[in-house]
Amino acid sequence: MQAATDNTFANGVPHLDAIAEAVAELTQHATILTATFGQLVRSKYNVRTKKTDVKELASLIRSHGLLQNLVGYRQLVDGIESGLIEIVAGGRRLQAIGELIGAGDLPVDYGINIVLVTEDEAIEISLAENSGREDMHPADIYMAMQAMIDHGRAIEDVALRFELEVPTVKRYLKLANISPRLINIFRDGELNFEHMMAFALVDDHAEQESAWDSLSKYNRSAYDLRRLLTAQKINTQSDRVARYVGVDSFEKAGGVVERDLFSDSSTGYIKDAGLLEKLAIGKLEKHAKKLQKEGAAWVEIMPRADHSDLAQFGRVRTSYSALSEDEQKLADELTERMNVLGERIDAAYEEDEDDLAEQLSSEQDELSKQHAAILATRTKVPNAEDKAIAGAVIYIDTNGKLAVLQDAIRPADVEKRVSEDGGGVAQSKRPKADHSDRLTTELTSHRTVALQAEMMDQSDVALVYLTFTLMKLVLLEYGGYSRSTLAKISLNRPSLADAAKKCEAAEAFAQRREQLLSRLPEGNKGEGWLEWLGAQPQPVVLEMLAFCVANSLDATLTREEASPDFVSLGKALNLDMNKWWRASAENYFDHVPMARMVKVVTEAASSEAAVPLEKMKKKQAADAAERAVAEARWLPELLRTA
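Below, the structure written as structure tokens:
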């Protein structure tokens, strides 16, 4: 018999027709004898362990007698026959006969026909006998597989019997290693096959049970279980370093990948983070040597560098060639005229004179184009001193690909450079804003709640960001003391615009708060919370931490300006603001001048789509702009992380 392609039911039960055929021959030459009920006991190899109702079967035996033989083998105790026969097939018939004798419907010495086999044959006969009757519970079959292995059967033989591939049998056997308590819950129907697949990710019974017990009975999904059981492991699909190294290379180096049941070879979880980092650095070092040969003054390898890590490095400064005297004079005149127009535009918006503001904005845009054209004639020249000490940072990007930060300046050299410059270059005058202060507050309130909604599900980022915050508080000696706990850490909640309080991200955050509160001991002042938290597994603690850190985030601004912290954290969280905010007439276009609407539609759609807007009233133009960008996933600069 050849192993066929895996063919299993949705609930995890393999087909057993092949077993029945293979075992039919075993009983052809077996011994048949008669025994009494007192000489028989149920075998530990009887694969059906779930209790069933035998009233109907008892009625049949009472009226027609025992129509089918039981199957058993002689019990051995320390290698000596005990005189008892263990029944491996026919457990329900044996139970029914016992109930009939107890009720006086059958005599105590009622003769029961037994097919006597060897103990080695017992398990397969039990499987064959049960396969054609009332559906067996999946757990009984997994345990039977394990019993066959324990009794000396090879995995290949079990695979043949069940018509499964060998790797699949190995995965099913992991189900037999799940906590007996959880297997019983599985039999009772409180958890399903998806739960069992999640439990099989770990071998420790205590860890399996702890994960199950830590979840609310209303929130015990297989997804949540898998999240808890793998919280401290590296996912080979989502982790960038694991994707860069590759599962095959990791396993060839001796690493072990724990795989989910029935997953393919590219998925799984890694515990040996040290080996993974070593392999990644080994690959990156080859590229580092190449960069050094090309002239980099130094090369630093940072496999998991994020945007905040890279932000500490400076860049080679560049300067522009000087303008001619006439060009410089014209550029200065244009700058002064644009500044005057900017002040008049702000005043017009404050007085709700949109038409005047739009007219002035058009004039300012024309002057800006002339100014840009003059500046575009200059050429960029790298700083010679910076270029001499510039190097590169090699890291792995979020897609698992090698990435290089070129022309980087080390932090120490950046600090030295700033010091020598007498505190750095003076800040330029604040440029004209695209958004009013009110609209800026509203937009940045949306990005605040979006950050919160993303952070509450990413405890690893929350832990890093909390540590970063504490480092700034402690190492930089910033203030901020709190009387709420013994740990003097302050946590303030953001002040949001009204529109952001009712958005989808805010609702998701509020729902999570209610879910977390439902798990905690009741009390108006947090009574028992510390004891409860101390008894939870680390993934639950991290989930609470992530929500609390998320609750403290505040990316709200009252005046438009650059926000590198929002960009860095947004990238760390893989924040996609399109998930939480879309431009509409109500939330955006009604609040910006016509020139801005035209610019947005040109950028998001096309210049052809923007032309009709110039001939419309503002309200009509706002509605048209909303339709034009509906499919473009456009975001204002204040909400962008790239």
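Quick note, the numbering used here runs 971 ahead of the 1-based positions in the sequence shown.
Even glycine gets a Cβ: it sits at the ideal position worked out from N, Cα and C.
If you're wondering where the values come from, they're calculated on a predicted model, not measured in any experiment.
Beta-bridge pairing by DSSP links residue 1374 to 1366. Non-local beta-carbon contacts of residue 1172 in its own chain, meaning distances under 8 Å to residues more than five positions away in sequence, involve 1197, 1200, 1201, 1229, 1231, 1240 in chain order.
Here DSSP, grouped into helix, strand and coil, assigns residue 1557 to coil. The three-state secondary structure of residue 1379, taken from DSSP, is strand. In the DSSP assignment, residue 1291 falls within the unbroken beta strand (DSSP E) covering 1289-1291. Under the three-state reduction of DSSP, residue 1360 is assigned to helix. For residue 1084, the closest alpha carbon among the candidates 1154, 1066, 1006, 1364 is that of 1006.
In the pairwise beta carbon analysis, the segment 1530-1543 is classified as not touching the segment 1560-1567: fewer than three pairs are separated by under 8 Å. Secondary-structure assignment with DSSP links residue 1044 through a beta bridge to 1057. It is roughly 20 Å from the alpha-carbon of residue 1500 to the alpha-carbon of residue 1433. Counting along the chain, the unbroken alpha helix (DSSP H) around residue 1151 starts and ends at 1151-1158. In terms of CA proximity to residue 1577, 1599 leads the group 1599, 1064, 1590, 1324. At a Cβ-Cβ threshold of 8 Å, residue 1363 and residue 1270 count as neighbours.
Burial check for residue 1035: the Cβ neighbour count within 10 Å stays below 16, so the residue is exposed. The Cβ neighbour count for residue 1361, taken over all protein chains shown within 10 Å, is at least 16; the residue is labelled buried.
The beta carbon of residue 1349 sits closer than 7 Å to the beta carbons of 1291, 1292, 1294 from its chain, once the five residues preceding and following it are set aside; these are given in chain order. C-alpha of residue 1046 to C-alpha of residue 1143: approximately 29 Å in a straight line.
Inter-segment contact for the segment 1480-1488 and the segment 1516-1528 is present: three or more beta-carbon pairs are separated by less than 8 Å.
Look at residue 1343 here: in three-state DSSP terms it is helix.
Counting C-beta atoms within 10 angstroms of its own C-beta, residue 1053 has fewer than 16 neighbours from the protein chains shown and is therefore classed as exposed. At the C-beta level, residue 1059 and residue 1042 come within 8 Å of one another. Residue 1581 and residue 1333 have their C-alpha atoms spaced approximately 15 Å apart. Residue 1421 and residue 1603 have their alpha carbons spaced roughly 20 Å apart. Taken through DSSP and simplified to helix, strand or coil, residue 1274 comes out as coil. Beyond the five residues adjoining it in sequence on each side, residue 1248 comes within less than 8 Å, by CB distance, of 1212, 1274 in the same chain, given in chain order. Comparing alpha-carbon positions, the option among 1289, 1128, 1557 lying closest to residue 1378 turns out to be 1289. When only Cα atoms are considered, residue 1138 and residue 1488 end up about 43 Å apart. Taking the Cα positions, residue 1040 is about 16 Å away from residue 1089. Beta-bridge analysis with DSSP links residue 1084 to 1005.
Around the beta carbon of residue 1219, a 10 Å sphere encloses fewer than 16 other beta carbons of the protein chains shown; the residue is thus reported as exposed. With a minimum length of 3 residues, there is no unbroken run of beta strand (DSSP E) contained wholly in the segment 1496-1582. Between residue 1331 and residue 1316 a beta carbon distance of about 5 Å is seen, short of the 8 Å cut, so the two are scored as contacting.
With 16 or more other Cβ atoms inside 10 Å of its own Cβ, residue 1032 counts as buried. The C-beta of residue 1418 has 16 or more other C-beta atoms within 10 Å across all chains shown, which makes the residue buried. In this structure, residue 1413 keeps its C-beta atom at 8 Å or more from the C-beta atom of residue 1328.
With 16 or more other CB atoms across the displayed protein chains lying within 10 angstroms of its CB, residue 1061 is buried.
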